[in-house]
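A.B. asks: Take this structure, written in C-alpha cells, and hold onto it; I'll ask about it next.
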Amino acid sequence: MSMHDDIEKVLVSEEQLKAKVAELGAQISKDYEGRNLVLVSILKGSVVFMADLMRAVSIPCSIDFMVVSSYGGSNTTSSGLVKIIKDLDGDLTGKDVLIVEDILDTGITLSNLVPMLKMRNPKSVKICTILDKPSRRKADIQPDYEGFQVPDEFVVGYGLDYDEKYRNLPYVGVLKPAVYEK
Ligand code: 5GP
Ligand code: MG
Ligand code: MG
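Per full-length UniProt numbering, the sequence shown starts with residue 1, numbered consecutively.
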C-alpha cells in the first residue's frame, strides 16, 4: 500500500520545493555573510526542510535542534507557554539564530519561543518557515523568510505529519477525507 494513494491533492510539488529551498538558501547566505549563523530546527516537523535548507546555505553555519510543545496542547490562546522537551545543545550568546520551521499556523508556538531564545543573549533571532498559513494567525508574528503560503487546510508531507505518518512524502499535500475516518 502506497502513502500516495491517501493524498487528495498536491499543494506544493517536489520541484517547487526544490526551487524554493535553493532560493531561500541563496538569500540567507547573502544576508548572513560574515555573521555567526546557527540554524535552529524545531523537531520533528522541520527535519526535512532543515536537511535541504542547510545544504542550500553556502556560508559557514552551525545547526542545532529543539523539541517543544505547547502547554495543555491548547491552540486557542496566544498567551500560552512553550514547554521545552529537548533543549538546544549550544550556547546562543552572540549568535545569529535562524529558526527553521515547517509551518507557521496560529503562530502561538513561535511567538512564545522567540522571547525565550532572546533571553539567551543572541545577536539576532529570525524565522524561516517553508509553509505559512496566514489565515489562521492568532499571534502577532510573521516569518522573515517563507516558502509558500497555503490555504486553511490541514497539510501533510515534507516533514509534516498526520498521526506521525506522511512525514516522508516528498511533496506537500492534503489527505483524502476517508483517511481521517479510519
Ligand atoms: P502554531 O503554534 O503556529 O499554531 O503551530 C505550529 C505547529 O503546528 C507546526 O509547527 C506544525 O507542527 C503544526 N501544524 C500547524 N498546521 C499544520 C498543518 O496543516 N499540518 C500539520 N501536519 N501540522 C500543522
Ligand atoms: Mg513545527
Ligand atoms: Mg504534528
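Backbone N, C-alpha and C define an ideal beta-carbon position, used for all residues, glycine too. The structure presented is a predicted model; accordingly, all values stated were derived computationally and were not measured.
Ligand 3 and L160: does the residue's C-beta get closer than 8 Å to at least one heavy atom of that ligand?
C.D. replies: It does: the Cβ of L160 is within 8 Å (strictly closer) of some heavy atom of ligand 3.
A.B. asks: Looking at ligand 3, does it come within less than 8 Å of G45, judged from the CB to the closest heavy atom?
C.D. replies: At least one heavy atom of ligand 3 is nearer than 8 Å to the Cβ of G45, so yes.
A.B. asks: Quick one, which of V68, F65 and L37 has its alpha-carbon nearest I59's?
C.D. replies: Closest by alpha carbon: L37.
A.B. asks: Within the continuous beta strand (DSSP E) that includes D64, where are the two ends?
C.D. replies: Start and end: S62 to S70.
A.B. asks: Could you give the first and the last residue of the continuous alpha helix (DSSP H) run that contains I28?
C.D. replies: Looking at the DSSP string, the run of the alpha helix (DSSP H) that includes I28 is E14 to D31.
A.B. asks: Relative to the alpha-carbon of Q149, which residue among L24, E164, D91 and T129 has its alpha-carbon at the smallest distance?
C.D. replies: For the residues L24, E164, D91 and T129, the minimum Cα distance to Q149 belongs to T129.
A.B. asks: Would you give the residue range spanned by the alpha helix (DSSP H) that D152 belongs to?
C.D. replies: It is not in any alpha helix (DSSP H) - D152 carries neither H nor E in the DSSP assignment.
A.B. asks: Is E153 near ligand 1, going by C-beta to nearest heavy atom under 8 Å?
C.D. replies: E153 Cβ: within cutoff of ligand 1.
A.B. asks: What residue from S70, V156, G90 and K18 has the CA that sits closest to A51's CA?
C.D. replies: The candidate whose alpha carbon is nearest that of A51 is K18.
A.B. asks: State the Cα-Cα distance for the pair R120 and Y145, rounded to the nearest angstrom.
C.D. replies: Approximately 22 Å between the Cα atoms of the pair.
A.B. asks: For ligand 2, I want to know if D102 counts as a neighbour, meaning its beta carbon is within less than 8 Å of at least one of the ligand's heavy atoms.
C.D. replies: D102 Cβ: within cutoff of ligand 2.
A.B. asks: Rounded to the nearest angstrom, what separates P115 and L169 at their Cα positions?
C.D. replies: Whole-angstrom Cα-Cα distance: 33 Å.
A.B. asks: Return the Cβ separation of L113 and V68 in integer angstroms, given the expectation that the two are a contact with Cβ distance under 8 Å.
C.D. replies: That belief holds up - the Cβ atoms of L113 and V68 are roughly 6 Å apart, short of 8 Å.
A.B. asks: Going straight from the alpha carbon of E153 to that of A22, what length do you get?
C.D. replies: Taking the straight line from one Cα to the other gives about 26 Å.
A.B. asks: Can you give the Cα-Cα distance for Y166 and K133, rounded to whole angstroms?
C.D. replies: Rounded to the nearest angstrom, the two C-alpha atoms are 19 Å apart.
A.B. asks: Could you tell me whether the Cβ atoms of G25 and D102 are closer together than 9 Å?
C.D. replies: Going by C-beta atoms, G25 is not nearer than 9 Å to D102.
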